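Working notes, beginning with the structure itself.
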């Protein structure tokens with residue numbers, strides 16, 4: 012059990028009455044527990060906490076009546092219940108392992124055109140035997156081949172672009188990992204989070220794959236350890252996970268993000284450890300119940 | 012209450028053991044009732060009916076052990092409880108009308124890059140006052156400007172392509188309609204179905220928009236009446252709704268689709284009626300409960 | 012006959028031995044005469060002036076042996092022999108009017124995918140009768156519909172993107188104009204230049220169309236007058252016309268561009284004048300000789 | 012000196028008066044000599060032979076006054092003066108080797124977005140030392156990784172698509188080869204031709220690179236031998252080289268292409284020979300004269 016303190020300060024300017032949704036709170040579920048949290052807006056505006064039943068993303072819906080500059084502060088203490096498992100100890104996977112819940116994470120999405128890259132993925136990673144080895148191969152290939160280059164991409168950039176351009180940032184690394192996994196029939200989803208020791212501090216993006224009845228965490232940028240990211244938003248890709256969705260004019264003035272470790276001193280997972288261990292949600296889900304068989 | 016008989020015959024060839032998911036059954040929910048149905052495979056294979064809790068799509072998961080040719084037959088009688096409402100009688104919409112359930116249908120998806128086309132949509136449809144008028148304008152514009160041309164597009168074609176090429180089929184018309192709606196902050200989703208009097212008979216694709224607390228149905232091809240389509244699959248776009256998702260080698264040999272009307276004689280909605288009436292799911296949903304307000 | 016003084020100062024940093032091509036000199040041909048010019052590099056480097064026989068673009072090929080910072084200064088006095096002709100007085104055009112010389116300007120190119128947009132162009136501009144009216148319609152439509160937004164595009168942006176995004180800068184406006192013209196069988200080419208009164212001062216991009224045996228000049232941004240641009244580079248699109256093509260590491264440190272008028276006071280062409288007059292190269296070329304007819 | 016007989020029969024249907032350009036004649040220049048040729052149209056239509064001064068492509072411009080079906084027959088005997096040179100015997104290349112004539116073949120074009128793939132090309136081929144080894148590496152990589160799949164692509168498909176899809180036909184193989192070469196500063200151009208022993212017989216597409224003052228021929232499909240293709244059209248990519256460019260309604264009814272060898276029996280170059288030898292135009296051009304040096 013690892014304990015983190017996370018913090019986010021946002022300054023927004025609004026230009027008229029509008030509603031906006033913020034997705035900055037840590038998820039609160041069986042693999043990650045929010046122990047304490049506070050959320051404030053200055054000057055105060057009506058806001059409502061909504062939790063999505065499907066993704067467990069937690070939104071603050073905020074109604075700004077008057078134009079002005081607003082300061083938003085979120086702080087939380089979060090316990091993360093992730094498990095490290097030796098790659099060699101993983102159970103084999105079968106198609107029985109995934110059900111309808113995982114289906115959206117097999118399909119192509121806005122930024123992850125997995126339908127286009129099956130041949131490419133098979134050429135590069137088809138020789139790996141197990142799903143975990145395939146994902147390890149994908150993460151290693153991305154890390155070796157794609158240049159982490161701030162400013163090289165825009166909000167339009169997709170996994171296809173990143174395959175061509177060979178450059179991107181954390182969001183692009185995650186999209187490419189997801190697209191490659193899905194094209195090999197491995198369910199994969201995107202998540203954002205607060206990452207311990209990320210330099211420069213910012214929101215981070217990583218991905219998870221569904222193998223052997225569990226979600227496993229991966230960071231192809233290697234800028235964080237998969238076991239040290241406090242999850243915020245989860246979805247098919249970045250299209251589902253915006254820090255802010257505004258129905259009207261709104262401008263970000265500044266954004267500060269912080270994540271610190273509250274237990275003993277802590278090291279990033281080494282390259283060696285990343286090769287031999289995978290980081291998983293603790294709970295192994297059974298294959299979904301099957302209501303009617305003929 | 013309209014009653015339809017639908018039927019679908021598929022011949023598939025398989026090349027080794029594989030699992031595949033079929034999505035050909037009519038949805039069975041409060042706005043569409045399956046009165047009778049039968050599903051058979053010849054020669055028989057183990058199959059399981061699964062219903063997605065989120066989309067209500069109904070899948071037959073089929074396990075084919077041996078290579079061979081399989082004949083699949085689905086027949087159903089379905090009662091559709093859609094309502095026609097005069098455009099002039101619709102309640103006004105506010106942002107309060109949609110909650111987290113509708114959020115995925117506001118975001119861009121694989122084939123509907125609504126994030127790219129905000130300026131274009133505003134230039135073309137910004138002058139319409141209400142959401143319904145905007146959608147009517149979009150449907151009319153697509154009908155007037157995009158050539159319905161069989162063979163003009165592929166499985167890779169997206170709404171951006173269709174905007175450029177000005178040609179497509181039902182799937183492309185739906186994607187473009189959805190992308191335009193979302194870019195104007197109107198939630199929109201894709202559905203496939205059995206369409207009465209569609210020539211040539213085939214699976215059809217249309218879209219729905221969330222306005223004033225209801226889903227409304229639209230067909231920008233004008234090849235069917237929105238009140239005469241029996242819904243099968245629903246999702247963000249065609250990526251979520253495949254007739255068949257196969258985890259292994261499978262080939263479609265033939266496919267026959269039929270939809271007939273079981274009540275008195277029936278006419279397609281006229282152009283005049285399409286201008287003055289909208290087709291809605293009967294049930295108006297309240298805005299989702301809001302668990303915690305500060 | 013209009014006389015302009017143009018000036019360009021560039022500061023480049025190089026990181027090792029390299030060769031680079033600069034394309035900053037004014038064209039010197041029958042429709043634009045270079046009266047005086049000077050070109051210098053500090054510290055001096057070996058350089059050679061090369062003129063392309065096909066495009067008449069003038070390149071300085073520079074060999075930088077040592078890493079360092081180089082200051083390049085170009086100044087010229089240029090007489091421009093363009094003609095303004097009333098739209099109503101133009102001769103009719105036939106396919107005989109263009110030969111193999113114009114063929115490359117009918118074909119799609121890197122940033123002008125005219126092959127994709129024939130239906131769109133016909134829907135928007137098919138009702139105009141003559142080629143000149145079509146181009147006037149295209150220029151007006153771009154001016155009305157595309158937002159001139161600095162920073163909205165990158166070096167990858169093409170006419171297809173601009174059609175979708177409805178935003179761009181001078182380069183994007185020119186690419187879209189060219190693509191639309193070519194898709195309607197009107198030869199169109201790209202040029203860059205020094206533009207009188209452009210704010211902020213910079214290199215500018217416009218386009219020309221081949222109608223009735225002459226090249227005519229158009230600026231869909233309306234930021235310059237077509238009769239007040241001193242031409243530098245000409246080609247199918249921006250891919251053919253770079254200020255600098257470097258075979259090695261080179262970085263632009265700063266760039267200053269100036270264009271002033273040397274005769275009496277000068278006004279931009281008014282909206283009214285732009286509707287009734289077209290700006291042409293003075294020389295009307297006959298259709299190319301046809302070597303052998305059977 | 013190899014001698015080939017080539018033949019092409021086309022049946023076109025026209026729907027009104029139109030002009031069209033055919034590009035089916037063998038090039039006639041210093042590296043390929045047309046010894047005999049005949050060209051006929053039935054029923055006869057006015058036609059003119061035009062030869063482009065830049066590309067040496069030979070066009071028949073045909074004026075069809077009346078709608079109807081036309082049969083076009085072209086036959087020629089062509090002597091090809093290509094040279095096979097051992098890779099080990101090639102002179103070193105410097106930037107001095109190319110001048111303005113080669114510049115268009117360094118720039119990105121409609122189907123060859125070399126501007127996007129510099130990092131990718133460097134990652135895959137940067138370790139090869141000489142330009143010829145780089146091109147050999149590119150041809151081998153394409154041959155190993157891209158599936159030759161008839162029907163997998165359309166007229167819109169570009170090198171970027173082929174990199175993503177890993178499938179294509181001869182045109183796509185050539186585009187990808189060209190884009191990769193240009194991104195490594197090796198001038199590369201597209202050509203079409205009649206290919207000896209191509210199965211099924213059809214027009215073929217290959218590419219040439221400018222290395223050490225000569226154009227060298229490459230076929231990444233390995234379906235033909237580079238020394239056994241009679242060249243027809245040459246350009247930046249397929250956009251410049253259409254069999255038929257029509258200014259009006261025209262439909263291809265059928266197309267038959269033939270290429271046979273007229274000397275002793277002939278074998279395709281073996282994999283071994285393709286590794287050790289390159290096929291070049293006989294004439295080595297000097298670097299272009301440099302008119303003025305300061």
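Chains as they are written, first to last, in the working numbering: chain G, 12 to 305; chain E, 12 to 305; chain X, 12 to 305; chain F, 12 to 305. All C-beta atoms, glycine included, are put in the ideal place defined by N, C-alpha and C. In this text, all values refer to a predicted model and were calculated from it rather than measured experimentally.
Please classify residue i as buried or exposed, where buried requires at least 16 neighbouring CB atoms within 10 angstroms.
| i | result |
| --- | --- |
| residue 95 of chain X | exposed |
| residue 171 of chain F | buried |
| residue 290 of chain E | buried |
| residue 169 of chain F | buried |
| residue 21 of chain F | buried |
| residue 143 of chain G | buried |
| residue 161 of chain F | exposed |
| residue 97 of chain X | exposed |
| residue 64 of chain X | exposed |
| residue 182 of chain X | buried |
| residue 235 of chain G | buried |
| residue 184 of chain F | buried |
| residue 138 of chain G | exposed |
| residue 273 of chain X | exposed |
| residue 133 of chain F | exposed |
| residue 227 of chain X | buried |
| residue 306 of chain X | In the structure displayed, chain X extends from 12 to 305; residue 306 of chain X sits before or after that span and is not available. |
| residue 78 of chain E | exposed |
| residue 8 of chain E | This structure cannot speak to residue 8 of chain E, because chain E is shown only from 12 to 305. |
| residue 286 of chain E | exposed |
Which one or two residues does DSSP pair with residue i in a beta bridge?
| i | result |
| --- | --- |
| residue 34 of chain F | Partner(s): none; residue 34 of chain F has no beta bridge. |
| residue 158 of chain G | G/178 |
| residue 241 of chain X | X/205 |
| residue 82 of chain G | G/22, G/53 |
| residue 69 of chain F | F/62 |
| residue 292 of chain F | F/93 |
| residue 217 of chain X | X/202 |
Would a C-beta distance cut-off of 8 Å place residue i and residue j closer than the cut-off?
| i | j | result |
| --- | --- | --- |
| residue 36 of chain E | residue 243 of chain E | yes |
| residue 4 of chain F | residue 268 of chain F | The structure shown does not extend to residue 4 of chain F, since chain F is modelled only from 12 to 305, so the question has no answer here. |
| residue 252 of chain G | residue 217 of chain G | no |
| residue 61 of chain X | residue 111 of chain F | yes |
| residue 11 of chain G | residue 69 of chain G | Nothing in the structure corresponds to residue 11 of chain G, since chain G is present only between 12 and 305. |
| residue 93 of chain X | residue 292 of chain X | yes |
| residue 59 of chain F | residue 261 of chain F | no |
| residue 116 of chain X | residue 195 of chain X | no |
| residue 221 of chain F | residue 237 of chain F | no |
Contact defined as beta carbons within less than 8 Å: I believe residue i pairs with residue j. What is the distance between those atoms, to the nearest angstrom?
| i | j | result |
| --- | --- | --- |
| residue 149 of chain F | residue 179 of chain F | At roughly 15 Å, the Cβ-Cβ gap does not stay under 8 Å, so residue 149 of chain F and residue 179 of chain F are not in contact. |
| residue 233 of chain E | residue 219 of chain E | Actually they do not touch by this definition, with Cβ atoms about 16 Å apart. |
| residue 120 of chain X | residue 121 of chain F | 5 Å |
| residue 91 of chain X | residue 43 of chain X | 5 Å |
| residue 207 of chain G | residue 245 of chain G | About 19 Å separates the two Cβ atoms, so there is no contact after all. |
| residue 186 of chain F | residue 270 of chain F | That belief does not hold up - the Cβ atoms of residue 186 of chain F and residue 270 of chain F are roughly 22 Å apart, past 8 Å. |
Please tell me whether, using a cut-off of 7 Å, the distance from the CB of residue i to the nearest non-hydrogen atom of the ligand SAH is below it.
| i | result |
| --- | --- |
| residue 111 of chain E | Among the ligands in the structure shown, none appear at all, so the ligand SAH cannot be discussed. |
Exercise. At a Cβ cut of 7 Å, what residues of the segment 129-157 of chain X count as close to chain E, listed as they run along the chain?
Worked result: 130, 131, 134, 156
Exercise. Using a Cβ cut-off of 8 Å, which residues of the segment 170-186 of chain X contact any Cβ in chain E, in chain order?
Worked result: 171, 174, 175, 176, 177, 178
For this session: With 7 Å as the limit, tell me which residues of the segment 245-258 of chain X have their beta carbon closer than that to any beta carbon of chain F; keep them in chain order.
Result: 250, 251, 258
For this session: Closer than 7 Å, Cβ to Cβ, to anything on chain G: give me those residues from the segment 109-127 of chain F, in chain order.
Result: 127
Problem set entry | Members of the segment 51-66 of chain F that neighbour chain X once the beta carbon cut-off is set at 8 Å | 57, 58, 59, 60, 61, 62, 63, 64, 65
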